[in-house]
Amino acid sequence: MYLTENKPYNESYLYNEDSFITSTERPSFFDFIFGFFIAAMLATNYSPYNDLVSNIGLGVSILFLFTLFVQRYHFQRELIVLLLLYGWTLMCSLLSDYRTLAFLSTFYLLKVQFVLLVVALRCTSIARLVFYLFCLGIGCITLVLPSLFTAAYLASDERLIGTVGQPNAMGSISSVSFVVWVSLFFVIKKWWKWIICPLFAVSSLRVLVLTGSRGSFLTALAFLVVGVWFLWWQGRLGLKLFILVAASVFVVAFIHYMVETQMLKRLAALASIFGFEVRGAEGETHAVRVEIMKTAISLFLESPFFGKGYGTFRMYSAYVYTHTTPFDMLYGTGLIGTLLYYYVIISSWLVFRKAKKYFPFGRERVVINICQALIFAQLVQGMALPYQSSKPHAVLSGVWLGMAWYMRRRGEATRYQVAENYDVESYAEAGRPIGDVVSA
Numbered sequence: 008m009y010l011t012e013n014k015p016y017n018e019s020y021l022y023n024e025d026s027f028i029t030s031t032e033r034p035s036f037f038d039f040i041f042g043f044f045i046a047a048m049l050a051t052n053y054s055p056y057n058d059l060v061s062n063i064g065l066g067v068s069i070l071f072l073f074t075l076f077v078q079r080y081h082f083q084r085e086l087i088v089l090l091l092l093y094g095w096t097l098m099c100s101l102l103s104d105y106r107t108l109a110f111l112s113t114f115y116l117l118k119v120q121f122v123l124l125v126v127a128l129r130c131t132s133i134a135r136l137v138f139y140l141f142c143l144g145i146g147c148i149t150l151v152l153p154s155l156f157t158a159a160y161l162a163s164d165e166r167l168i169g170t171v172g173q174p175n176a177m178g179s180i181s182s183v184s185f186v187v188w189v190s191l192f193f194v195i196k197k198w199w200k201w202i203i204c205p206l207f208a209v210s211s212l213r214v215l216v217l218t219g220s221r222g223s224f225l226t227a228l229a230f231l232v233v234g235v236w237f238l239w240w241q242g243r244l245g246l247k248l249f250i251l252v253a254a255s256v257f258v259v260a261f262i263h264y265m266v267e268t269q270m271l272k273r274l275a276a277l278a279s280i281f282g283f284e285v286r287g288a289e290g291e292t293h294a295v296r297v298e299i300m301k302t303a304i305s306l307f308l309e310s311p312f313f314g315k316g317y318g319t320f321r322m323y324s325a326y327v328y329t330h331t332t333p334f335d336m337l338y339g340t341g342l343i344g345t346l347l348y349y350y351v352i353i354s355s356w357l358v359f360r361k362a363k364k365y366f367p368f369g370r371e372r373v374v375i376n377i378c379q380a381l382i383f384a385q386l387v388q389g390m391a392l393p394y395q396s397s398k399p400h401a402v403l404s405g406v407w408l409g410m411a412w413y414m415r416r417r418g419e420a421t422r423y424q425v426a427e428n429y430d431v432e433s434y435a436e437a438g439r440p441i442g443d444v445v446s447a
């Protein structure tokens, strides 16, 4: 017997409680420990040598390895690749010429990859998805909210640095906070979401603008595009006009904001290396960027496949990064580590794409579109920020990876529950959400 087989189709199915993915899996004791670690990692100061997070990470790592023997995990191909990336990054640091500095700097990167792996393995239901989003949001808000009352700015350019001491890290965390709370607005069906989610989202967006973090701003833009699309899809004419005007103002402001972006300046420095001069690319700052890019390229050419260790070599006058994720990954972990890293992120987007065919309508489709937009934003944002400043986005991609496989498995299971003589494709073409076909 099928609950919705004989029901006439109408738009109420799009928001029917039965159409939303349900699961009996609730956050367990281990989930609370992992959630505490995620919140603690995001709420601590911007430093690769933070002893508190390092000790917590070591303890959670041991606990996680223990749970691998207690519970059975279904290791997908992407999760195995992520494990390889974890070990490869560690090996590159231990074999570096500057082993001590390399290990300390890379341990920060390993914490991000470890949390991504844990969340991807544990995120197997909507309940756990909401729980981990809350943990991410709480960790971000711990940093964001104090800055609303006690602002701390850089003395040079008056950019907000908040409690982390670094504008890019503050902006990155703020953008994740904004995305998380607005994502919860789509996932949770409770009345209080109309108060909590907009409050935290607006506060996070305000802090994001004050930080002047252009790369992180891309993430907020991508999510707003999805939100505008969602409201446009279901709104009336008056609402559509309001959305169109609001979106136009935001896009114009964004274009103006990107004129002086650091990403364009770094691309100008890269172009100068190959003999292409860019108008306006001059001065001491441009010369420094050119020198940093040259050093990164030379380090990569010394060991193109195996890397030289992450963030441990003197560039120009100090130990600095190129502030561009592909270059930092290339000279740090080589082609092998870089390809593994991008394989994990891009494969998440592809898994969501495969899951789309099972959910042509409804809130499940909205969640999938949100996840795909954010994954794309991570790839673009990584061109403007180093991996360190992008740590919340890497953690968030663990949620998307776990959720992508859950969506696909749930869609396939729902499809198999349909009677053998029932044409699923005709059911979808008629405008009925496949997610509504569940067994009694």
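Residues 8 to 447 (the working numbering) are what the sequence shown spells out, left to right.
Every residue gets a Cβ at the ideal spot worked out from N, C-alpha and C, and that includes glycine.
Since the structure is predicted, the reported quantities are computational estimates derived from the model, not experimental observations.
Let me check understanding here. Comparing Cα to Cα, which of F141, T149 and I40 lies closest to V189?
F141
Separation of L347 from T149, as counted between CA atoms:
32 Å
Using a 10 Å radius around the Cβ and a threshold of 16 neighbouring Cβ atoms, would you call F312 buried or exposed?
Burial check for F312: the Cβ neighbour count within 10 Å stays below 16, so the residue is exposed.
Which same chain residues, not among the five before or five after W95, have their C-beta less than 7 Å away from its C-beta?
T340, I343, G344 and L347
What would DSSP say about R213, mapped onto helix, strand or coil?
The answer is helix: DSSP assigns R213 an H, G or I state.
Rounded to whole angstroms, what is the Cα-Cα separation between L191 and L92?
Here the C-alpha atom of L191 lies approximately 30 Å from the C-alpha atom of L92.
Roughly how many whole angstroms lie between the Cα atoms of I203 and S179?
21 Å
Inter-residue Cα distance where the pair is S181 and L215
5 Å
In or out: F207 buried (at least 16 other Cβ within 10 Å) or exposed?
buried
So is K315 buried or exposed if we call it buried at 16+ other beta carbons inside 10 Å?
buried
Whole-angstrom C-beta distance between V88 and V143, which should lie under 8 Å:
Sequence inspection shows Leu at residue 143; the Val mentioned does not correspond to that position. Contact between L143 and V88 is ruled out by a C-beta separation of about 23 Å, above the 8 Å threshold.
For K301, which of helix, strand or coil comes out of DSSP?
helix
Taking 9 Å as the cut-off, decide whether the C-beta atoms of P34 and A134 are in contact.
Closer than 9 Å, so yes.
Is the beta carbon of V209 closer than 9 Å to that of C147?
no
Relative to the alpha-carbon of C99, which residue among I195, F359, L357 and D335 has its alpha-carbon at the smallest distance?
D335
Please classify K197: does DSSP put it in a helix, a strand, or coil?
coil
Does the beta-carbon of R360 have 16 or more other beta-carbons within 10 angstroms, so that it is buried, or is it exposed?
exposed
When DSSP labels each residue in this structure, what does S179 get in the three-state scheme?
helix
For K200, which residues from the same chain have a beta carbon less than 6 Å from its beta carbon, with the 5 sequence-adjacent residues on both sides left out?
F192
Check P333 in the structure and name its three-state DSSP category.
helix
Cβ neighbours of V151 in the same chain (closer than 6 Å, five flanking residues each side left out)
Within the same chain, S181, S184, S211 and V214 come within 6 Å of V151 by CB-CB distance, once the 5 residues on both sides are set aside.
Excluding five sequence neighbours on each side, which residues of the same chain lie with their C-beta closer than 6 Å to the C-beta of K364?
none
Which of the three DSSP states is assigned to P311 in this structure?
Coil, per DSSP.
Assign S305 to buried or exposed, taking buried as 16 or more other Cβ atoms, counted over all protein chains shown, within 10 Å of its Cβ.
exposed
Here's the rule: buried if 16 or more other CB atoms are within 10 angstroms of the residue's CB, otherwise exposed. What is F307?
buried
How many angstroms separate the CA atom of F39 from the CA atom of A303?
40 Å
Give me the Cα-Cα distance between I352 and W198, rounded to the nearest whole angstrom.
34 Å
Is the CB-CB distance between V137 and I45 below 9 Å?
Contact: no.
Using the C-alpha atoms, what's the distance from M177 back to Y349?
24 Å
Measuring straight from C-alpha to C-alpha, what distance separates T309 and E298?
It is Glu, not Thr, that sits at residue 309 in the sequence shown. Taking the straight line joining both Cα atoms gives about 17 Å.
Going along the chain, which residues of its own chain have a beta-carbon closer than 7 Å to the beta-carbon of L337, five neighbours each way excluded?
Closer than 7 Å at the Cβ level, and outside the excluded window around L337, lie F307 and T345.
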